[in-house]
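Below you'll find the structure, written out as structure tokens, and then a few comments.
Residue numbers (UniProt numbering): 1 to 309.
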């Protein structure tokens with residue numbers, strides 16, 4: 001078998017050099033290259049680029065197909081390997097599929113528009129059908145999935161598969177992807193479409209802010225690919241929290257502040273459902289003194305909340 005260098009240079013040379021001169025995709029350079037394994041089987045990542053792009057990209061920011069295969073598969077089944085690679089981009093200019101196939105990996109292309117349009121029902125069913133067939137034949141292996149940046153289309157389809165093929169609640173699927181590819185799907189219409197298809201239309205998950213890396217390097221994000229591949233770095237799209245609130249001034253250390261907006265929305269929706277709360281806003285009680293008149297309310301009504309006096 002040819003070496004990694006031979007594979008990259010030989011196969012990349014068959015691409016249109018003029019198209020490579022168009023440069024990397026918009027907002028690609030500082031986008032975190034890889035996420036972690038989702039649900040033991042999915043590896044989300046941004047599109048890699050062949051070596052024809054190297055002269056336009058600082059070495060530490062280069063990301064090639066071979067780098068995906070070198071990733072440490074934390075969270076996957078023991079002995080798992082990438083056996084299926086799904087490309088969701090609508091172009092063939094980024095790399096040659098032979099760089100994938102020569103590593104004994106199945107390559108599938110499902111070109112999708114993106115840019116204001118979620119995957120159609122037919123496209124989603126095609127993705128789920130391909131993945132289901134592969135995992136039935138290879139129950140331990142990994143499905144590597146990428147769009148341009150590896151967040152919105154990629155996250156949509158992984159969440160859709162978890163909901164439709166594995167019976168996950170859609171909010172749990174969205175949250176799981178966000179945990180493994182921080183901060184997950186960040187365009188609202190993708191989340192709305194997922195909730196419409198697989199959840200309760202009355203519930204709504206608010207998209208997190210657009211990631212800071214879209215605008216350039218972010219402190220802590222400009223790490224080498226070697227760190228990502230070796231598992232020494234974790235991708236992050238948000239600034240480190242400063243002055244994080246402490247419950248009861250830290251007297252109860254097991255209480256954690258929820259900073260992730262998707263997690264907040266999921267928790268709020270679940271609590272509203274538990275309380276059968278139909279109005280906007282979040283159900284809760286104002287603190288009151290534990291006087292006799294107030295204590296009798298605890299006997300008269302079934303409270304499902306905690307309080308402090």
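Beta carbons are placed, not taken as given, at the ideal position from N, Cα and C, and that holds for glycine.
Under the Cβ criterion (8 Å, minimum of three pairs), the region 178 to 185 does not count as touching the region 264 to 273. Secondary structure note for residue 87: its beta strand (DSSP E) is the uninterrupted segment 82 to 87. The shortest C-alpha to C-alpha distance from residue 165 to any of 185, 125 and 85 is the one to 125.
Under the three-state reduction of DSSP output, residue 42 falls in the strand class. In this structure, residue 258 and residue 247 do not form a Cβ contact; the two beta carbons are roughly 11 Å apart against a cut-off of 8 Å.
For the 7 Å CB-CB criterion, residue 100 and residue 94 do not form a contact.
In summary, residue 84 is buried, with 16 or more beta-carbon neighbours lying within 10 Å of its beta-carbon over all protein chains present. Within its own chain, the residues whose Cβ lies closer than 8 Å to the Cβ of residue 127, once the five positions on either side in sequence are excluded, are 86, 110, 119, 157, 160 and 161, listed in chain order. Look at residue 299 here: in three-state DSSP terms it is helix. Per DSSP, residue 130 is one residue of the alpha helix (DSSP H) stretching across 121 to 137. Around residue 69, the same chain offers 82 and 103 as residues with beta carbons nearer than 7 Å, after the five sequence neighbours per side are excluded. Taking residue 19 as reference, the option from 184, 91, 270 and 132 with the minimal CA-CA separation is 91.
With a cutoff of 7 Å on beta-carbon distance, residue 48 and residue 64 are scored as near each other. DSSP places residue 98 in the uninterrupted alpha helix (DSSP H) bounded by 98 to 101. Between residue 188 and residue 169, the C-beta spacing is not below 7 Å. For residue 144, the uninterrupted beta strand (DSSP E) segment begins and ends at 142 to 146. When secondary structure is reduced to three states using DSSP, residue 108 falls in the strand class. For residue 164, the uninterrupted alpha helix (DSSP H) run begins and ends at 152 to 165, by DSSP. Sequence-distant partners of residue 80 (beyond 5 residues in either direction) whose C-beta falls short of 7 Å from its own C-beta, in its chain, are 73, 140, 141 and 142. Residue 152 sits buried, since 16 or more C-beta atoms from the chains shown fall within 10 Å of its C-beta. If you draw a straight line from the Cα of residue 58 to the Cα of residue 67, it comes to about 16 Å. The three-state secondary structure of residue 29, taken from DSSP, is coil. Here residue 76 is near residue 40, since their CB atoms are less than 7 Å apart.
Nearest C-alpha to residue 54 among 78, 29 and 35: 29.
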